[in-house]
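These protein sequence lines map, in sequence, to chains A and B. The opening residue of the first sequence carries number 8 in my numbering; numbering runs sequentially from there. The opening residue of the second sequence carries number 126 in my numbering; numbering runs sequentially from there. Positions of the beta carbon are idealized from the N, C-alpha and C atoms, including for glycine. Presented below is the structure to which this report refers.
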Amino acid sequence: MSEHGPNKMVILGIGNDSRGDDGLGWAFLDALEKDPLPDTQTIYRYQLQPEDVAEIAGAERVVFVDATKEYLENGFHWEPGKPERQPMVHSHWLPPSAVLGFCLEVYDRYPEAWVLSISGSQWELGQGLSPEARVRLDAALAFFREWYGNPKVPLSPKLQ
Amino acid sequence: MGQKIVIDPVTRVEGHGRVTLRLDDNGKIEKALFHVVEFRGFERFIQGRPFWEAPVMVQRLCGICPVSHHLAAAKAIDRIVGIDPEDLPHTATQIRRLLHYAQTLQSHALHFFYLASPDLLFGLDAPVEKRNIVAVAGEYRELARKGILLRKYGQELIQAIAGKKIHGVAATPGGVQKSLTIKERDRFLTGTDLPSIDTIIQWAKESVDLMKGYHEQNRSWMDDFAVYPSGHLGLVKEDGALELYNGRMRAIDTNGALILPDVPDYKYLEYFAEGVERWSYLKFPYLISRGRENGWNRVGPLARLNVCDYIPSPMAEAERLEYFAFNGKKPVERTLYYHWARLIEMLHCAELIRDLLNDPSILGGELTATGKRRPVGIGVIEAPRGTLIHHYQVDEKGRIERCNLIVSTTHNNEPINRAVQSVAERILDGKQEITEPLLNQIEIAVRAYDPCLSCATHALGQMPLSVELIDHEGKILDVRTRPE
Numbered sequence: 008m009s010e011h012g013p014n015k016m017v018i019l020g021i022g023n024d025s026r027g028d029d030g031l032g033w034a035f036l037d038a039l040e041k042d043p044l045p046d047t048q049t050i051y052r053y054q055l056q057p058e059d060v061a062e063i064a065g066a067e068r069v070v071f072v073d074a075t076k077e078y079l080e081n082g083f084h085w086e087p088g089k090p091e092r093q094p095m096v097h098s099h100w101l102p103p104s105a106v107l108g109f110c111l112e113v114y115d116r117y118p119e120a121w122v123l124s125i126s127g128s129q130w131e132l133g134q135g136l137s138p139e140a141r142v143r144l145d146a147a148l149a150f151f152r153e154w155y156g157n158p159k160v161p162l163s164p165k166l167q
Numbered sequence: 126m127g128q129k130i131v132i133d134p135v136t137r138v139e140g141h142g143r144v145t146l147r148l149d150d151n152g153k154i155e156k157a158l159f160h161v162v163e164f165r166g167f168e169r170f171i172q173g174r175p176f177w178e179a180p181v182m183v184q185r186l187c188g189i190c191p192v193s194h195h196l197a198a199a200k201a202i203d204r205i206v207g208i209d210p211e212d213l214p215h216t217a218t219q220i221r222r223l224l225h226y227a228q229t230l231q232s233h234a235l236h237f238f239y240l241a242s243p244d245l246l247f248g249l250d251a252p253v254e255k256r257n258i259v260a261v262a263g264e265y266r267e268l269a270r271k272g273i274l275l276r277k278y279g280q281e282l283i284q285a286i287a288g289k290k291i292h293g294v295a296a297t298p299g300g301v302q303k304s305l306t307i308k309e310r311d312r313f314l315t316g317t318d319l320p321s322i323d324t325i326i327q328w329a330k331e332s333v334d335l336m337k338g339y340h341e342q343n344r345s346w347m348d349d350f351a352v353y354p355s356g357h358l359g360l361v362k363e364d365g366a367l368e369l370y371n372g373r374m375r376a377i378d379t380n381g382a383l384i385l386p387d388v389p390d391y392k393y394l395e396y397f398a399e400g401v402e403r404w405s406y407l408k409f410p411y412l413i414s415r416g417r418e419n420g421w422n423r424v425g426p427l428a429r430l431n432v433c434d435y436i437p438s439p440m441a442e443a444e445r446l447e448y449f450a451f452n453g454k455k456p457v458e459r460t461l462y463y464h465w466a467r468l469i470e471m472l473h474c475a476e477l478i479r480d481l482l483n484d485p486s487i488l489g490g491e492l493t494a495t496g497k498r499r500p501v502g503i504g505v506i507e508a509p510r511g512t513l514i515h516h517y518q519v520d521e522k523g524r525i526e527r528c529n530l531i532v533s534t535t536h537n538n539e540p541i542n543r544a545v546q547s548v549a550e551r552i553l554d555g556k557q558e559i560t561e562p563l564l565n566q567i568e569i570a571v572r573a574y575d576p577c578l579s580c581a582t583h584a585l586g587q588m589p590l591s592v593e594l595i596d597h598e599g600k601i602l603d604v605r606t607r608p609e
């Protein structure tokens, strides 16, 4: 939830749909919104910023979804998010760990956090998602919905 | 042997810049140059596009102040569709103003709390890892929380009006897309998941009080840092009041004498020209009547408070009077007073937002107007960082043939150079090494202007800045670069 809001889970999609597969984070949210999950807020971001702590401070869980240039054998990677108290020298680009660390600094807590990285392969202006990225997106969505239904179930072997 | 110092990159500014300090044979500062090394492109690649795309496309040149570009372009396109500012429907004007004040509120909050406050709260000698918002949150938690929520309030209001916090679309040629619903309005007026507007005003006032307290304790530092004579430019209402959305252009010189007497904004080309230098992509605008050497002006909060006769909101006006009482003269030419002026403007915007939220016209009414097509449109607003000019010329089919943008940081180009020179002369003179505290003072001078280098060069930019020390033969003696 936001600082005053009721959402139990916040999903932040990070990216830019004008830049090819950098739009994966947003495409993930678009797909979720077609079949919304209860008690969940989706937030679109070009990049994470310090004020995003106000969005996640009261949530039970937060999920950061972003594209990665890294080649991932299964097309995506799911891992716990951990707070780091790191200096923010620059004003407007933060990794999830810094947002969580800032949240801890300001609010004395941070939500259970997960980072979902999805492999992209093309990044030029106006290209839209590549066919490979769409396949990886579908796989990531299927995994996420399964996890959402039962988050205590261990991750599937291919993701561990 | 002459020497040169380079700070590259300068941190906590929006964009990527570089400072070169050139030393003479005696180790004295010969010249300080603030370079912008990103490429300028928007004016070219918008050519050939239909004019109605301009407000949507041009805002993409910045992720920090897109609303300012959106509105300046919209005002220019209004004129192309035959609508002057006074012909815009009242609801459209009020919605645009609300959007603009929300943008200025959040931008000023971003600058003060995230970028400037670490310098002020921890001092010049603090280690670099401490000069950031995380450290501020560690020691001044409530202040950090208020800063976060002030910015969030502005961004949420932008989203309510424009659909998105960044790169939304509110204005259309001759009007706006939508008014607010009562539910949308009440969220900001009385506070539900956000602080109420009265709380925002209170926090903005507390921010000004914080700055006054800082000034009281650091008066000699604030009063003596990077002080130099300049012109000052900004928009004013017909009665001389501070105006951010639609006014006449006024400039005064270092003595307060009028050098641009409240001229219509669409006539800017009669009064301004732009110089170029081979070492920077940033242009150097100046008043033609004063020439390239003397016609440059500071813009932004400090300049706006200098040129206006009063602020048309009571709390901010009371603060303006106190601000000038401290300074003792008008215009204020102390670079660090930018921060103080910025916070007074933040309070002003909060007051204006409250007034607009209580104005029933934002809830409905005529949204657009049409007129007779014209080939040229010029739109000028006061963006958070200063006077912003958009100028478009279109062909008979409505395609953009020519575009000229003079953004706030371009006006402040020469002033930033002067500020760096002033600091360098006082602090770095004779030294061959760039120490961390000295490096930071150069950055503090640049940062006071809240420069947006991405905007100024119309390029996608990265944040940082660098400083290099060079001798008179061009040999680099020292370079300091902030970590990316």
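For the pair Thr495/B and Asp209/B, the Cα-to-Cα distance works out to about 10 Å. Pro45/A does not reach chain B, its nearest Cβ partner there being about 18 Å away, counting only Cβ pairs nearer than 8 Å. The alpha-carbon separation between His515/B and Ile531/B amounts to approximately 7 Å. Here Glu58/A is near Arg276/B, since their CB atoms are less than 8 Å apart.
Going by beta carbons, Ile436/B and Ala382/B fall outside the 8 Å limit. By the criterion of a C-beta distance shorter than 7 Å, Glu442/B is surrounded in its chain by Tyr435 and Ile436, once the five residues flanking it on both sides are discounted. The segment 280–358 of chain B is shown to contain whole alpha helix (DSSP H) runs of 4 or more residues at 307–311, 322–342 and 344–349, in chain order.
When 9 Å is used as the limit between beta carbons, Arg92/A is near these residues of chain B: Val259 and Gly263, in chain order.
In terms of CA proximity to Glu168/B, Ala198/B leads the group Ala198/B, Ala157/B, Asp150/B and Ala450/B. Counting C-beta atoms within 10 angstroms of its own C-beta, Gln228/B has 16 or more neighbours from the protein chains shown and is therefore classed as buried.
For the segment 30–63 of chain A, the beta-carbon criterion of a distance under 7 Å to any beta-carbon of chain B is satisfied by Tyr53, Pro57, Glu58, Val60 and Ala61. Taking C-beta separations shorter than 8 Å and ignoring five residues to either side along the sequence, the partners of Leu148/A in its chain run Phe35, Ala38 and Leu39, following chain order. When the five nearest sequence neighbours on each side are left out, the beta carbons in the same chain lying within less than 8 Å of the beta carbon of Leu123/A are those of Phe35, Val70, Phe71, Val72, Asp73, Phe83, His84, Trp85, Ala147 and Phe151, in order along the chain.
Leu513/B is bridged by DSSP to Ile506/B.
Contact check for Trp130/A against Arg52/A fails: the beta carbons are separated by 8 Å or more.
Tyr226/B has a beta carbon lying at 8 Å or more from every beta carbon in chain A. Judged by DSSP secondary structure, Thr216/B falls within the alpha helix (DSSP H) whose first and last residues are His215 to Ala234. Positions of the alpha helix (DSSP H) runs, each at least 4 residues long and wholly inside the segment 28–59 of chain A, are given as 31–41 in order along the chain. Interface annotation, Glu112/A: in contact with chain B, CB-CB separation under 8 Å. Taking a contact as a CB-CB distance under 8 Å, the pair Gly293/B and Gln284/B counts as one, their CB atoms being some 7 Å apart. Within the segment 355–418 of chain B, complete alpha helix (DSSP H) segments of at least 4 residues are found at 393–396, given in chain order.
Contact annotation for Lys277/B against chain A: Glu58 and Ala61 [CB-CB distance below 7 Å, chain order]. DSSP places His597/B outside any beta strand (DSSP E), giving it a letter other than H or E. In the three-state scheme derived from DSSP, where H, G and I count as helix and E and B as strand, Ala149/A is classed as helix. Every unbroken stretch of the alpha helix (DSSP H) spanning 4 or more residues and falling wholly within the segment 253–280 of chain B is given here in chain order: 258–264. Counting only unbroken stretches of 4 or more residues, the alpha helix (DSSP H) elements lying wholly within the segment 459–509 of chain B are 462–482, in sequence order. Between Asp387/B and Glu368/B, the alpha-carbon positions lie close to 12 Å from each other. At a cut-off of 8 Å, the C-beta of Phe109/A has a neighbouring C-beta in chain B.
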